[in-house]
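Participant: Submitted below is the structure of interest, expressed as structure tokens.
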């Protein structure tokens, strides 16, 4: 532990004459500024002597668990000097004024703490600032104020969410990190069935999701219903909605940075929870003053017990909740037949998901922290069926005849597995009070396997003809993997009290493979791609004046598949006009070298695949412009930000091709279209931060428009996730030991393309194909989306355990929001059905935590 | 209850009440559908104009348009086509001064109720050096055993006729196999005799591939269903014809306008050039 450490005369010091000292001074000179005088003196001082400076440094920790608090704010009251802790909780305020000063530390979800420090040269030891979490009872006195759930004021387009506070918001069975983020202005969820984040006109694959430094590719469970992160394992959630700094790269829309809990360093703790879908547990173990271990796991029991909630959710994701508007009268021949979906299967298939987080944090010396974080999340869908006799019949493709037979049976084994495995190792070393380095090695793998085999058997003469058409015994497999191995070195250098430098470099190896085979012998699709990215970044937070912070940086990337360098300059500023009012702005250029191609048929499990940019499929590009202002006092925050994003080389994938056609490799590639567009909008946030009633009103006015030369006759069209208006009302009310909460969401209906008419074309062989003529792309809108959710929870405190029991209602007034409009093109007239989203859905949960 | 809670609920009720619905089905657009095929070395007779149909229609035949003004342009010269008697919706050119030759650039104009649909295409070159191997396929007649024997027969038989041509520029090709007999004899009478009529249709007389951009195609034993003389035709086809196949699977979750080279209308206007060879399927019994 390095807190309260005073360096002795005979003790080994970080300072080695030569390279580091010279390079540190060189950095200062590079900035165009003068190295801090005291620091320069320190650099010249012989090894072993104490530095002469008035730096305030230390760590911010949770008072109860001893966990370091990342991204906490430490300010010198009455001055403009301050600092943020890094992910290891370390901070330094360089060259503070002498004399007695008040240091204020704050962190979301924790009570603000002021401490008095006497600052004299060479006398200030590293501090340990302990913050107390705001809970229901603080030292036996009931606290009426609530802990903040949201903090959106600190930086441009940056929002921080307190994971511990999410439990009291209405939920859908699971406390969900990403779904909570969807309540923020500028972040949409698009549908009840998606935990994906559409940030300011971006798509989910344009978000960089980092968990303890590793990139997570698959971020949800249950076909997208829930995010794949257990809130109990997360300490800090930070979203950069745009204009993010040069230390982040590889995505063009946003960054979601999740910092995992390290675990209690003082005593063993545990927590358990159960709801209608899953059970979860968290276990924290201190390792005799040398670190801590945290294990957190969650698993659904939906393969053993199919609760009413599971059935309801499954009906929803299978599109079984629909209202038919136009009844068909006759089947149409000539289109593909023989399809079977869940609607025709009486029993819902088995399904489960789990996730596991393990984090081992060690502090081998006062200057070193080693953390190993492991994440594994997986979903499994078992659609195996055994059908026989009267239950079994089908229509061969292209015909109107329906075959069935008493003695026929069909055994189908159909299992889909998908998920993400990640491991990261981080070694952080405080090379000097002002120089902090982290070396991170991370490995992340997204996987998806699909295994299907089918056998048709029976005794009638018909069986062989069926075998002929359907393949008799057949098997198909699909394997999809994405691997990302990254080695990264991040450095923080607090050069002077007006310059905080960050610089780093990274090397990533990325590989993606997709194999589809039929009957183990026929290779339908074999796609394997690899790439290497080398990145370097440099950024400086320059405190220009007492009221003006300017951050400038640049990121350079070499991408081997295009053999090109990409430069990404970034800049942002915050100008404090007064204590309460700030103006802010940001600009930046971003590239993305990988795209996720989503499989729209969620019932097929996740067979999404990631495709790498190359010379034919140019890397995505975005340029962000952001301008905003905020006003804040102790009780309220009003924040407004306008943005414009220029988008280039976007990828649209359309499945208008038949995947089983000959030459599938070519056909799949031909499904890609590239084009550009823009996203623009304005986000308003009014937050009530204090009192019994807290919450916020978020409103977004936005427009996302694409132009693809090969789509919509080259004319612009709204992106399918374009939402003109989006309003989120979030309220939390404290009533004794009860927490009441409500959220109400309103959004403009989804843009969609509607069929207008049908027509036929004769081919040269005399056969006929039928087509649907459609409206301009995405020119129609579904009805507006809105719903009200309520949550109520109560905390019970026993001697050694704290219980939280909760009840939530999703969609209280049972609004029939339309997910999508389904057209059955196989019937004449065409059948139109509205597939609706989740209706009134109550859930309960119980969590307990050791005290 | 605090005022803030009441205000929250009031706003909620107000906005909820203001929601509107819209119609799930749009009225069909007034569009002409062109299916214009030009064959190198043949007269212009396969130009067809139809209209779109309502989504609610139960017809499986496209409504023909026989009173449109249809013009072809070739190398700057405009030719007016005439409606073809007894073939509703078809148009032809009755003169002898309009030929279709490889490399010719054609345009089409269809004027109907003041609206003009246009398209253009170029006649492709004839496929080069089309050969098949073998030229005679010996097949054993299946006259007993019903479906079962038919199915097993297909599984076991790996015989194929290989069709080759030269393709140096990545052009697209389309292969058809047509039985030329006036009274063709099926290889398996039991099988075809017992299948529903609509299911037999695809097997009878003619087999077609999907467009390929290689230089070979394998006609497997399973593609041959009748004895006798067959014509294997290799068509060199343009991209607009390939696009018909790329557009044929329209998904309800991802509806896109089918690819078309017709401006201000729908369908396809394209040209073909072909070369054929004969294949003899003989009874090995």
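Residue numbers (the numbering used here), protein chains in the order written: chain W, 258 to 1108; chain S, 2 to 286. Ideal Cβ placement from N, Cα and C applies to all residues, glycine included. The structure presented is a predicted model; accordingly, all values stated were derived computationally and were not measured.
Does any residue of chain S have a CB that is nearer than 7 Å to the CB of residue 1019 of chain W?
Facilitator: Yes, its Cβ sits closer than 7 Å to a Cβ of chain S.
Participant: Could you compute how far the alpha carbon of residue 1103 of chain W sits from the alpha carbon of residue 420 of chain W?
Facilitator: For residue 1103 of chain W and residue 420 of chain W, the distance between alpha carbons rounds to 17 Å.
Participant: Between residue 845 of chain W and residue 500 of chain W, is the Cβ-Cβ spacing less than 7 Å?
Facilitator: In contact: residue 845 of chain W and residue 500 of chain W (Cβ atoms closer than 7 Å).
Participant: Contact check, residue 280 of chain S vs residue 136 of chain S under 8 Å by CB: the rounded distance?
Facilitator: Yes, residue 280 of chain S and residue 136 of chain S are in contact; Cβ-Cβ is about 6 Å, under 8 Å.
Participant: Helix or strand or just coil, what does DSSP make of residue 461 of chain W?
Facilitator: Note: residue 461 of chain W maps to helix in three-state DSSP.
Participant: Output needed for residue 939 of chain W: all residues of its chain with C-beta closer than 6 Å, excluding positions within five of it in sequence on either side, in chain order.
Facilitator: 899 and 958.
Participant: Would residue 406 of chain W pass as an interface residue toward chain S - the criterion being a Cβ-Cβ separation below 7 Å?
Facilitator: So no, residue 406 of chain W is outside the interface.
Participant: In the region 516 to 564 of chain W, which residue ranges form an unbroken beta strand (DSSP E) of at least 3 residues, counting only runs that do not cross its ends?
Facilitator: Within the region 516 to 564 of chain W, the complete beta strand (DSSP E) runs of at least 3 residues are 526 to 532, 535 to 543 and 548 to 557.
Participant: List in chain order: all unbroken beta strand (DSSP E) runs of 3+ residues lying wholly within the region 29 to 96 of chain S.
Facilitator: Listed in chain order, they are 33 to 40, 47 to 52, 70 to 75, 78 to 84 and 91 to 93.
Participant: Give me, in chain order, the residues of the same chain whose beta-carbon lies closer than 6 Å to that of residue 128 of chain S; leave out the 5 immediate sequence neighbours on both sides.
Facilitator: The answer, listed in chain order, is 166, 235, 237 and 276.
Participant: Give a yes or no on whether 7 Å exceeds the smallest Cβ distance from residue 36 of chain S to chain W.
Facilitator: So yes, residue 36 of chain S belongs to the interface.
Participant: With distances taken between CB atoms, is the gap from residue 792 of chain W to residue 506 of chain W smaller than 7 Å?
Facilitator: Yes, these two residues count as a Cβ contact at 7 Å.
Participant: Going by DSSP in three states, residue 178 of chain S sits in which element: helix, strand or coil?
Facilitator: Strand at residue 178 of chain S.
Participant: If contact means a Cβ-Cβ distance below 9 Å, which residues of the region 1006 to 1030 of chain W contact chain S?
Facilitator: Residues passing the 9 Å Cβ filter: 1006, 1009, 1010, 1011, 1012, 1013, 1014, 1015, 1016, 1017, 1018, 1019, 1020, 1021, 1022, 1023, 1024, 1025, 1026, 1027, 1028, 1029 and 1030.
Participant: To the nearest angstrom, how far is it from the Cα of residue 1004 of chain W to the Cα of residue 983 of chain W?
Facilitator: Their Cα atoms are separated by approximately 4 Å.
Participant: Taking the alpha helix (DSSP H) that residue 241 of chain S belongs to, which residues open and close that run?
Facilitator: Here the alpha helix (DSSP H) through residue 241 of chain S covers 240 to 247.
Participant: Quick one: which unbroken beta strand (DSSP E) runs of 3-plus residues sit fully inside the region 951 to 1000 of chain W? Chain order, please.
Facilitator: The region 951 to 1000 of chain W contains these whole beta strand (DSSP E) runs: 982 to 992.
Participant: For residue 505 of chain W, which of helix, strand or coil comes out of DSSP?
Facilitator: In the structure shown, residue 505 of chain W sits in coil (DSSP, three-state: anything other than H, G, I, E or B).
Participant: Using a Cβ cut-off of 8 Å, which residues of the region 224 to 239 of chain S contact any Cβ in chain W, in chain order?
Facilitator: Cβ contacts with chain W come from 236.
Participant: Put residue 420 of chain W into one of helix, strand or coil per three-state DSSP.
Facilitator: It is helical.
Participant: Determine, using beta carbons only, whether residue 184 of chain S comes closer than 7 Å to chain W.
Facilitator: By this cut-off, residue 184 of chain S is not an interface position.
Participant: Interface residues of chain A around residue 968 of chain W at Cβ under 9 Å?
Facilitator: Of the chains in the structure shown, none is chain A; the protein chains are W and S.
Participant: Classify residue 902 of chain W as helix, strand or coil using the three-state DSSP reduction.
Facilitator: Strand, per DSSP.
Participant: Apart from the five residues on each side of it in sequence, which residues of its chain come closer than 6 Å, Cβ to Cβ, to residue 510 of chain W?
Facilitator: Hits under 6 Å: 456, 459, 463 and 464.
Participant: Is residue 190 of chain S helix, strand or coil when you go by DSSP?
Facilitator: DSSP places residue 190 of chain S in helix when its eight states are reduced to three.
Participant: Specify the secondary structure class of residue 343 of chain W as computed by DSSP and reduced to three states.
Facilitator: If DSSP states are grouped into helix, strand and coil, residue 343 of chain W belongs with coil.
Participant: Can you tell me whether DSSP reads residue 684 of chain W as helix, strand or coil?
Facilitator: Strand, per DSSP.
Participant: Who are the near neighbours of residue 472 of chain W in its chain, counting only those whose CB is closer than 6 Å to its CB and skipping five residues on each side?
Facilitator: 701 and 741.
Participant: List, in chain order, every chain W residue whose beta-carbon is nearer than 8 Å to that of residue 245 of chain S.
Facilitator: Simply 1018, 1020 and 1026.
Participant: Residue range of the beta strand (DSSP E) that residue 332 of chain W falls in?
Facilitator: Start and end: 330 to 333.
Participant: Applying the criterion that 16 or more other CB atoms from any shown protein chain within 10 Å of the CB defines a buried residue, is residue 35 of chain S buried or exposed?
Facilitator: Residue 35 of chain S comes out buried.
Participant: DSSP three-state call for residue 653 of chain W: helix, strand or coil?
Facilitator: For residue 653 of chain W, the predicted model reports a pLDDT of 42, less than 50, meaning its position is unreliable and no value from the coordinates is stated.
Participant: What does residue 1087 of chain W touch in chain S if you count any residue whose Cβ is under 7 Å from its own?
Facilitator: Those within 7 Å of residue 1087 of chain W in chain S are 56.
Participant: Our contact map puts residue 999 of chain W next to residue 442 of chain W with C-beta atoms below 8 Å; I'd like the distance itself, whole angstroms only.
Facilitator: At roughly 17 Å, the Cβ-Cβ gap does not stay under 8 Å, so residue 999 of chain W and residue 442 of chain W are not in contact.
Participant: List the DSSP bridge partners of residue 1111 of chain W.
Facilitator: Given that chain W is displayed from residue 258 to residue 1108, the structure contains no residue 1111 of chain W and the question cannot be resolved.
Participant: Less than 7 Å between the beta carbons of residue 551 of chain W and residue 492 of chain W, yes or no?
Facilitator: Cβ distance not < 7 Å, so residue 551 of chain W and residue 492 of chain W don't count as in contact.
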